[in-house]
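Scroll down for the structure; my scribbles are underneath it.
There are 2 protein chains.
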Amino acid sequence: MTEPTDGVRALAVDIFGTTVDWWTGVTGQVAEVAAERGVALDAGEVADAWRELYLPSMARVNDAARPWAYLDTLHRESLDELLVRFGVDGAFDEPSRRRLVRAWHRLPAWDDVAEGLARLRTRYQVVALSNGGFALLTAMLKAEGLDFDAIISAQNARAYKPDPRAYREAVELLDLAPDRVLMVACHRWDIDGARRAGLRTAFVERPREKGPHRTADLAADTASDVKVGDFVELAAALGC
Amino acid sequence: MTEPTDGVRALAVDIFGTTVDWWTGVTGQVAEVAAERGVALDAGEVADAWRELYLPSMARVNDAARPWAYLDTLHRESLDELLVRFGVDGAFDEPSRRRLVRAWHRLPAWDDVAEGLARLRTRYQVVALSNGGFALLTAMLKAEGLDFDAIISAQNARAYKPDPRAYREAVELLDLAPDRVLMVACHRWDIDGARRAGLRTAFVERPREKGPHRTADLAADTASDVKVGDFVELAAALGC
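Structure representation (structure tokens):
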């Protein structure tokens, strides 16, 4: 019987949302800094709004409306805009803003990741493929104790997913044909971008990844070769 | 007391010779392929001669005498040249040449590496920084069961060590000042290149890395911040 993942040699795994719970991590750290500054602020709303500026900020880089900019820079610009919008611009000094940007460097992994990743690595090359900066990814995955076989960042391509250049750089670095690589992600835009670049795709549903106020993407929203609920299910689906 | 490694946050570790025993690995695989082809050949001499073409072949890329070429391509060109020189050009068909180039993808780690690396990773970010291709490094380190925090290849910079661009790309990817990064290597040219790029340096002496017919570089040949005999000694020297 032919399986849709036959011939896959490597898995390229998205990080924010798919591997780590950015919403809980960012909300907690925003609440902490806000409390220290004596500011009343709905930290979850800030996290929601901050993430909503993420795709548009990267699109301006991909469309060459601006030169390559590191994710930390984009996060900082979005934060400055939000603090004005939330009417608390005066309450956050430079060090506290830098700390808030660093909140994205230290996010907790979902509970199933460590086990699923270890099982997947017994059979496949498993690399991180994220829009996070290379240093951010290296530090965050190390802090969470998650060993990947390698880390590939949008920074390596100087283009952000879902731009095809980001996926093609990964495929080229791995020296594989695109259809030997399975993109693992919880966002429709990432799955769609990977498919357009010729990769296979696995949708991992993360219903809580946008927190309690927003609706997460569902596997049913798009086409993918594999649909699973977490990394342990993914390992089982791929025979690990 | 001030130590020469104070402030170091990350280690950039060379691979061929420093981490893996290329001479034994390549010699064994050359001997195996030669036996299958029924050719009498001193496999160790081939390994020696092959490696001696390594730095000149990379220098032509760094000097822009030719465009970027993947290490496998350079290895293949050197091999073709050597088989003529050894008078056995007719004995190796295309598949056997491809297999010989792949010999560089599967090399045994020195005995001290696994323990030393695990100890070093408890305190530092430890990344591979090698002239090997990204795919080669990912596959080889996985096969040897060696987990680094990340892998950086000369391919990421499109320039080979000791060109300063190779070290600067690593420092930029790690988002650190150059003197926060300690280059760990067993070759004088690599230590010298890293120092010129502003990195700290640790010389690991590998007296057998060029096999029984060639003399390996010694720490005394150049200046470095740390001089050790293996990765376990390095861990101890760095307080791990």
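Residue numbers (my numbering), protein chains in the order written: chain W, 5 to 244; chain A, 5 to 244.
Each residue gets a CB set at the ideal place from its N, CA and C atoms; glycine is no exception.
For the putative contact between residue i and residue j, defined by C-beta atoms under 8 Å, what is the C-beta separation to the nearest angstrom?
i              : j              : result
L104 (chain A) : I19 (chain A)  : 19 Å between Cβ atoms; not a contact.
V30 (chain A)  : A51 (chain A)  : 4 Å
G91 (chain W)  : H217 (chain W) : 19 Å between Cβ atoms; not a contact.
T9 (chain W)   : L222 (chain W) : That pair is no contact at about 20 Å.
P166 (chain W) : D194 (chain W) : 6 Å
G11 (chain W)  : R123 (chain W) : About 20 Å; that fails the 8 Å criterion.
A113 (chain W) : L78 (chain W)  : Actually they do not touch by this definition, with Cβ atoms about 23 Å apart.
T22 (chain A)  : A189 (chain A) : 5 Å
V65 (chain A)  : W54 (chain A)  : At roughly 17 Å, the Cβ-Cβ gap does not stay under 8 Å, so V65 (chain A) and W54 (chain A) are not in contact.
I155 (chain W) : A154 (chain A) : 5 Å
Starting from the Cα of residue i, find the closest Cα among the options and give me that residue.
i              : options                        : result
Y128 (chain A) : A:A16, A:P8, A:E7              : A:A16
Y74 (chain W)  : W:D84, W:M62, W:L83, W:A68     : W:M62
T252 (chain W) : W:A39, W:L45, W:E56, W:A44     : Residue 252 (chain W) falls outside the range modelled here, since chain W spans only 5 to 244, and no answer is possible.
D229 (chain A) : A:D221, A:V236, A:A241, A:F235 : A:A241
E176 (chain W) : A:N160, A:L59, A:Y164, A:D151  : A:N160
D93 (chain A)  : A:D84, A:S100, A:H79           : A:D84
R102 (chain A) : A:S82, A:E119, A:A118, A:P112  : A:S82
K146 (chain A) : W:R125, W:M144, W:I156         : W:R125
V130 (chain W) : W:A139, W:G120, W:G137, W:F138 : W:G120
V43 (chain A)  : A:F96, A:A181, A:I195          : A:F96
Q33 (chain W)  : W:P60, W:R110, W:A189          : W:R110
A14 (chain W)  : W:E213, W:G149, W:R204         : W:R204
R80 (chain W)  : W:R70, W:P71, W:A68, W:A107    : W:A107
A39 (chain A)  : A:V24, A:L238, A:S100          : A:S100
V24 (chain W)  : W:V65, W:A224, W:V208, W:A158  : W:V208
F138 (chain A) : A:E7, A:S157, A:R70, A:A224    : A:S157
G197 (chain W) : W:L180, W:A163, W:K214         : W:A163
R200 (chain A) : A:C244, A:A170, A:A53, A:T77   : A:A170
D225 (chain W) : W:E237, W:D234, W:V65, W:A206  : W:A206
V232 (chain A) : A:E173, A:N135, A:V117         : A:V117
A174 (chain A) : A:A143, A:R41, A:N135, A:M144  : A:N135
E237 (chain W) : W:E213, W:A227, W:D115, W:L133 : W:D115
A227 (chain W) : W:R192, W:T28, W:A239, W:G215  : W:R192
T28 (chain A)  : A:D234, A:C244, A:G243, A:K214 : A:K214
P168 (chain A) : A:P60, A:Y58, A:D46, A:D67     : A:D67
V88 (chain A)  : A:A132, A:L45, A:L59           : A:L45
Just curious, the alpha helix (DSSP H) that residue i is in, first and last residue?
i              : result
T31 (chain A)  : 26–41
G243 (chain A) : Unbroken run through G243 (chain A): none, as it is neither H nor E.
E176 (chain W) : 168–178
E7 (chain A)   : Here E7 (chain A) belongs to no alpha helix (DSSP H), and DSSP marks it neither H nor E.
E213 (chain W) : Here E213 (chain W) belongs to no alpha helix (DSSP H), and DSSP marks it neither H nor E.
R127 (chain W) : Segment: none, R127 (chain W) is in no alpha helix (DSSP H) and carries neither H nor E.
R106 (chain W) : 98–106
What are the residues that DSSP puts in a beta bridge with residue i?
i              : result
I155 (chain W) : W:A132
L186 (chain A) : A:L15, A:R204
V232 (chain W) : W:V208
A113 (chain W) : W:V24
Which first and last residues belong to the beta strand (DSSP E) in which residue i is found?
i              : result
K146 (chain W) : From DSSP, K146 (chain W) is part of no beta strand (DSSP E) but of the alpha helix (DSSP H) over 138–147.
task: Could you name each continuous alpha helix (DSSP H) segment of 4 residues or more that falls completely within the stretch 50–91 of chain A, going from the start of the chain to the end?
output: 58–66, 75–89
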